[in-house]
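Enquirer: Count along the sequence shown from 1, add 7, and you get the number used in the working numbering.
For each residue, glycine too, the CB sits at the ideal point set by N, CA and C.
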Amino acid sequence: MPPLGQQGNAGDALGTYLKRKAIWQQLRQAADHAGEVLKPYTFRHRYAKASHAAGLPIANIAQAMGHTIEVHLSSYARFTPDATADLYAQVNA
Numbered sequence: 008m009p010p011l012g013q014q015g016n017a018g019d020a021l022g023t024y025l026k027r028k029a030i031w032q033q034l035r036q037a038a039d040h041a042g043e044v045l046k047p048y049t050f051r052h053r054y055a056k057a058s059h060a061a062g063l064p065i066a067n068i069a070q071a072m073g074h075t076i077e078v079h080l081s082s083y084a085r086f087t088p089d090a091t092a093d094l095y096a097q098v099n100a
């Protein structure tokens, strides 16, 4: 992993690191072909969504992601089981 540099620049450093990797370039190409957006944060969002779908306690998910529960829910509440059920109900209405 690259050094993370100045505070607040970790995402930029990670993005620069990944852009140089062949596997990242292949993943980006596949995502582009599928009409999807792929960013380093895609993996964090996927982790949160999969953790909520698996029924893990919110406190544990938040801790694993380095958040307080409040901060976690402000960004990822849409992935809680109730939020997911509501979204499917809206789509299927």
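1. Helix, strand or coil for HIS74, going by three-state DSSP, please let me know.
2. Just checking, does the segment 58 to 68 make contact with the segment 30 to 37 on the three C-beta pairs under 8 Å criterion?
3. How many angstroms separate the CA atom of PRO9 from the CA atom of GLY22?
4. So the alpha helix (DSSP H) LYS56 belongs to, where does it begin and stop?
5. Note down, in chain order, each residue of its chain lying with its Cβ closer than 7 Å to the Cβ of LEU69, except the 5 sequence neighbours on either side.
Expert: Taking the definition as stated:
1. coil
2. no
3. Because PRO9 sits at a pLDDT of 46, beneath the cut-off of 50, its placement in the model cannot be relied upon, and the following sentence gives the value as read from the coordinates. Rounded to whole angstroms, PRO9 to GLY22 spans 10 Å at the Cα level.
4. 47 to 60
5. Note that residue 69 is Ala in the sequence shown here, rather than Leu. So the qualifying residues of the chain are THR75, ILE76 and HIS79.
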